[in-house]
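Engineer: The structure is given below, and queries will be raised subsequently.
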Amino acid sequence: MKIALFSDLHYPAIDERVPGLLEARASFYKEFIDQFLAIDARLHVSLGDLTNYGMAHELNNIYSLIGDSQEFIHVLGNHDNYSLTKQELLALTGQKQYHSFETEQAVLAFLDTARELDYECWGGWIDDEQLEWFEHVIQNSGEKPLLVFAHHPVHNTTKGSELNNGSIHQSIDMRRLLEQKKGIGMYFNGHMHCDSIVQENNWTFVQTAACLDEQSFRVIEIQDEQIVVSSIDLDDEALKQNATLIYENMNHFKHRTDAKGINEDCNCTVSLLSSLVQ
Numbered sequence: 217m218k219i220a221l222f223s224d225l226h227y228p229a230i231d232e233r234v235p236g237l238l239e240a241r242a243s244f245y246k247e248f249i250d251q252f253l254a255i256d257a258r259l260h261v262s263l264g265d266l267t268n269y270g271m272a273h274e275l276n277n278i279y280s281l282i283g284d285s286q287e288f289i290h291v292l293g294n295h296d297n298y299s300l301t302k303q304e305l306l307a308l309t310g311q312k313q314y315h316s317f318e319t320e321q322a323v324l325a326f327l328d329t330a331r332e333l334d335y336e337c338w339g340g341w342i343d344d345e346q347l348e349w350f351e352h353v354i355q356n357s358g359e360k361p362l363l364v365f366a367h368h369p370v371h372n373t374t375k376g377s378e379l380n381n382g383s384i385h386q387s388i389d390m391r392r393l394l395e396q397k398k399g400i401g402m403y404f405n406g407h408m409h410c411d412s413i414v415q416e417n418n419w420t421f422v423q424t425a426a427c428l429d430e431q432s433f434r435v436i437e438i439q440d441e442q443i444v445v446s447s448i449d450l451d452d453e454a455l456k457q458n459a460t461l462i463y464e465n466m467n468h469f470k471h472r473t474d475a476k477g478i479n480e481d482c483n484c485t486v487s488l489l490s491s492l493v494q
């Protein structure tokens, strides 16, 4: 089973008076989405902040590029919830707020860690109802690998998650829930705009950079004996130039020069052999 994912696409409303900016936005996002959807994968996943302000026209524009020919799942990010209520946003996109399902190879869970219409606090939050649901998902997953997809990282795991607003709020004891997992767990997130991979006991935390900073996406391959996470870089000078023009003329987005990290932040392999599970 193969899953393709990206994070923090930040499709923005723009100032069309800036020379070349409208053309750069159209070219960058069409090329990026086309290459992403061209990956032969069971699922194509966005780890949140699909848009910059969550405005209806931003969502409509990016979804017109995604189309309905692929199985596309978008978890909510803080930027996606700046303009519309969650009910309005989900009605427009046809996505679910949070959900899970099971395949022959794994259990997949998609969380909502975003606050609603909150410009002041951009960190993550999960209410009690969702936490109770997630605990049941973990417990019922048994020994089967559990892959969790969310926008915000678990506090003090991947790079930047120890910072204020850098994670799901630390008052929410996510580790108490995750520790209930038997067998292998993997947690995929964005939010901090830099690649980072951290392994703790039976959990691997995988964070993905923003697309405007690094023109790349990740591919997860669930094999019989291992799960392989790899990074696919789009080595395209035109894409890079268009991305630069976009982020240099956007509000509420700061370019990270350290988004890529080291090789250990880009790729990893997790063994599914029972003898290696603690």
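Counting in the numbering used here, the sequence shown runs from 217 upward without gaps. C-beta: ideal position from N, C-alpha, C; glycine also.
(1) Inspect the beta-carbon positions of I443 and M390 and report whether they are closer than 8 Å.
(2) Exposed or buried, what is D474 when buried is set at 16 or more other beta-carbons lying within 10 Å of its beta-carbon?
(3) Would you report the Cα separation of L362 and D344, rounded to the nearest angstrom?
(4) Using a 10 Å radius around the Cβ and a threshold of 16 neighbouring Cβ atoms, would you call K397 buried or exposed?
(5) In this structure, does DSSP put K360 in helix, strand or coil?
(6) Give me the residue from K375, L394, Q311 and L333 with the minimum Cα distance to E351.
(7) Out of H260, A242, D429 and E318, which has the shortest C-alpha to C-alpha gap to I219?
(8) What residue range does the alpha helix (DSSP H) around F469 cover?
(9) Using the C-alpha atoms, what's the distance from N405 back to G477?
(10) Cα separation between C484 and V414?
(11) DSSP three-state label for W338, please.
(12) Mark K375 as exposed unless 16 or more other C-beta atoms lie within 10 angstroms of its C-beta, in which case mark it buried.
(13) Expressed to the nearest angstrom, what Euclidean distance is found between the alpha-carbon atoms of L221 and D440?
Structural biologist: Here's the rundown:
(1) no
(2) exposed
(3) 21 Å
(4) buried
(5) coil
(6) L394
(7) H260
(8) F469 -> no alpha helix (DSSP H), and no H or E assigned at all.
(9) 15 Å
(10) 10 Å
(11) coil
(12) buried
(13) 21 Å
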